[in-house]
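Peer 1:
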Amino acid sequence: MLLGTHRVAATESQDCNRLYLRKKIKRSTALSSEEMNARSRFTAVAQAVTARKKDLSKITQDQIDFEAQRYSSTGKRTMKAYLWNVCGAEYDAEHPRA
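The numbering of the sequence shown is the working numbering, which starts it at 62 and goes up by one.
#1: Consult DSSP for residue 132 and reduce its assignment to one of helix, strand or coil.
#2: Just to confirm before moving on: does the CB-CB distance between residue 127 and residue 143 stay below 8 Å?
#3: Per the DSSP calculation, residue 163 is bridged to which residue(s)?
#4: Which residues in the same chain as residue 119 place their Cβ atom closer than 7 Å to its Cβ, once the five residues preceding and following it in sequence are excluded?
#5: Assign residue 69 to buried or exposed, taking buried as 16 or more other Cβ atoms, counted over all protein chains shown, within 10 Å of its Cβ.
#6: Starting from the C-beta of residue 34, find all residues in its chain whose C-beta is less than 7 Å away, skip the five residues before and the five after it, and write them out in chain order.
#7: According to DSSP, is residue 104 helix, strand or coil?
#8: Say whether the region 89-102 touches the region 72-80, bearing in mind that this needs 3 or more beta-carbon pairs closer than 8 Å, one atom from each stretch.
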């Protein structure tokens, strides 16, 4: 079965169409430590972004900082991307790779 979707959410990518094949696939190998670390980082950063979006003490400063970097060459174009960048950098600072 094929499933096609079109995403209309804010994004930095111009490719908003997705096509999925629905078929059960069994993983042939166990998760590597790198994959497990990536999954735990994703979970932690996602929770930090959710909490930061609701933190009234940081909203105003985040909006100011977002607008200041938005149109620079390396700036993030959406607030969500900006928060992922900030929270990801905080996570990486707290959890240096070995």
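Every residue gets a Cβ at the ideal spot worked out from N, C-alpha and C, and that includes glycine.
Peer 2: According to the structure data:
#1: Three-state result, residue 132: coil.
#2: Here residue 127 is near residue 143, since their CB atoms are less than 8 Å apart.
#3: Because residue 163 is not part of the residues shown, which for the chain are 62 to 159, the question remains open.
#4: Taken in chain order, the residues that qualify are 113.
#5: Residue 69 is classed as exposed because its beta carbon has fewer than 16 other beta carbons within 10 Å across all chains shown.
#6: Any answer about residue 34 is impossible in this case: the structure gives the chain only from 62 up to 159.
#7: In the displayed model, residue 104 falls within a helix according to three-state DSSP.
#8: Contact between the region 89-102 and the region 72-80 is absent, because fewer than three Cβ pairs lie under 8 Å.
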